[in-house]
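Student:
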Amino acid sequence: MATSNGQNDAFKIIDLQIMVESKWLQSDGGYFRPFTRKNKCGVGRVTMTNAAKSWIHGDESAKQILARVARKRPFLLRPPLHRVPLRVGNVVEIVGPSPSAKTHVLMQAAISCILPKDWKGIHYGGLECLVMYFDLDCRFDVERFTELLKHCIMDCNGLSNGNPKKHGILSESFHDFEDLFLSCMRRFSYVRCYNSLEFLSTLKTFRCHLQKENEKHGVGASFLMIDSISAFYWTDRATAPFPLGSTVRKSFSLSNVLETVVQEIQRLFKVQPMLLFATKATISGDGSVTSELKRNRGLSKDVSELKVMRGFQKDAYREYMPSIWQSFVTHRLHFQVSDEDLDGSSCENKSIFQFEWLLPSLNVFEKFEVADAGIFMLT
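Here you go:
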């Protein structure tokens, strides 16, 4: 009976046989051969050395793994980004003519990220994380962004107007609003680039800046935003590649630029996993319809002609970015001007747009309007 128990104990240890079939174990310092000895049953018994124990030791504690898993839960974003669960590591491409509220969608998502979840007993529902915003179009409206943020803060406090002074709020409460506003703005990092080389050089050195911001605020960045990834498409495409005899290791071309951009973003994700939003303009001329509408609103313009033109240009839309970027994108939305806006039935201070999910394909068109207080879905 004792022999049987000894055999059972021995066979429990033989679970390591898969690791030592070749009689060698791997460690950080290379390969080593563990010391073995015979037990009473004649079965080889492996004596665990310190190197083997360190090799199978856990890389992170239970607290660390729970924090990592909790951080990777889907984000609960406001419309129009509410239909599909989005996680860190996803790359969301927002496609549409100019203007089609693409930047407004980024602004609203950024506000949801920089707002706190709760502040002095008031629920704001934010993530209280950092946002890294790359403005490649150089058309970011800071005044509009601050206006949207103030509207959101006042709305959570049950006040309709975005200016707290108009509501006769006491000075103490007003200072609380100002403190909340400033703390939110500190979590928003804005970078403006004027060409591809400047964008690439910023990405290559951005990891150090990201780590400093994380240490400064005590929280990591959740959103990385690029507005827009196609800003330098025509200039990079028109730039002649360097000659073959050049000392440059890699020729400067559109595909090589996008390949380097993707590689640098992937390196950033290794340092700090984030959710990437990138806008992209259509090059089929869709924006001409919107511009024509804005110029001729109130004039005797044949709206049906604009609708036909827009429908033709929508059908003619094609993907034009290099394959390295297309394979990098995990989600895609397409925005355009709504027919109601073309009819001129919308108010002067409101614009109506519609969008659909292309990746994943939901086959559903939804409409929303952009007002002074932000984006509102239409049923």
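The opening position of the sequence shown corresponds to residue 645 in the working numbering, with each subsequent residue numbered one higher.
Where a beta carbon is used, it is the ideal one built from N, C-alpha and C, also for glycine.
None of these values were measured; they are calculated from a predicted model.
(1) Per DSSP, what kind of secondary structure is Ser-995 in: helix, strand or coil?
(2) Tell me, to the nearest whole angstrom, how far the beta carbon of Ser-827 is from that of Met-776; I am working on the premise that it is less than 8 Å.
(3) Can you name, in chain order, every residue of its own chain whose Cβ lies under 7 Å from the Cβ of Ile-797, other than the five neighbours on each side?
(4) Could you tell me the distance, in whole angstroms, from the CA atom of Leu-844 to the CA atom of Leu-780?
(5) Regarding Glu-791 and the ligand FAD, is the C-beta to nearest heavy atom distance less than 6 Å?
(6) Use the C-beta contact count for His-819: other C-beta atoms within 10 angstroms, 16 or more gives buried, fewer gives exposed.
(7) Below 6 Å CB to CB, which residues in the same chain sit around Val-1014 once its five sequence neighbours on both sides are set aside?
(8) Pull up the CB-CB distance for Gln-980 and Gly-740, whole angstroms please, since I reckon it's below 8 Å.
(9) Among the residues of its own chain, which have a CB less than 6 Å from the CB of Val-736, if the five just before and after it don't count?
(10) Determine the burial state of Glu-859: buried for a count of at least 16 other Cβ atoms within 10 Å of its Cβ, exposed for fewer.
(11) Could you give the C-beta distance for Phe-778 and Val-835, rounded to a whole number, given that I count them as a contact under 8 Å?
(12) Taking the C-alpha atoms as reference points, what is the distance between Pro-718 and Met-918?
(13) Have a look at the DSSP bridge pairing and note the partners of Gln-916.
(14) Would you decide whether Leu-841 is buried or exposed? Buried here means 16 or more other CB atoms lie within 10 Å of its CB.
(15) Take Cys-837 and list the residues in its own chain whose beta-carbon comes closer than 7 Å to its own, dropping the five residues that flank it on each side.
(16) Using a Cβ-Cβ cutoff of less than 6 Å, which residues in the same chain neighbour Leu-902 once the five nearest sequence positions on both sides are dropped?
(17) When burial is assigned at 16 or more other CB atoms within 10 Å of the CB, is Gln-752 buried or exposed?
(18) Relative to the alpha-carbon of Val-863, which residue among Thr-879, Glu-772 and Thr-849 has its alpha-carbon at the smallest distance?
(19) Once you ignore the five residues that flank Pro-723 on each side, which residues in its own chain have a CB closer than 6 Å to its CB?
(20) Per DSSP, Thr-790 is paired with what?
(21) Once you ignore the five residues that flank Ile-873 on each side, which residues in its own chain have a CB closer than 6 Å to its CB?
(22) Got a sec? Which residues, its chain only, sit under 6 Å from Cys-757 by beta carbon, not counting five neighbours each side?
Tutor: Let's see:
(1) strand
(2) Ser-827 to Met-776, Cβ: 17 Å. No contact.
(3) Phe-821, Leu-824 and Phe-825
(4) 12 Å
(5) For the structure depicted, the ligand FAD is absent and the ligand set is empty, with no information on it obtainable.
(6) exposed
(7) Ala-745, His-748 and Ser-995
(8) 6 Å
(9) Phe-921 and His-975
(10) exposed
(11) 5 Å
(12) 12 Å
(13) Answer is none; Gln-916 lacks a bridge partner.
(14) exposed
(15) Phe-778, Leu-780, Phe-843 and Thr-846
(16) Pro-966, Ile-968 and Trp-969
(17) buried
(18) Glu-772
(19) Met-1021
(20) Thr-790 is not bridged to any residue.
(21) Ala-922 and Lys-924
(22) Leu-771, Cys-773, Val-775, Ser-866 and Phe-867
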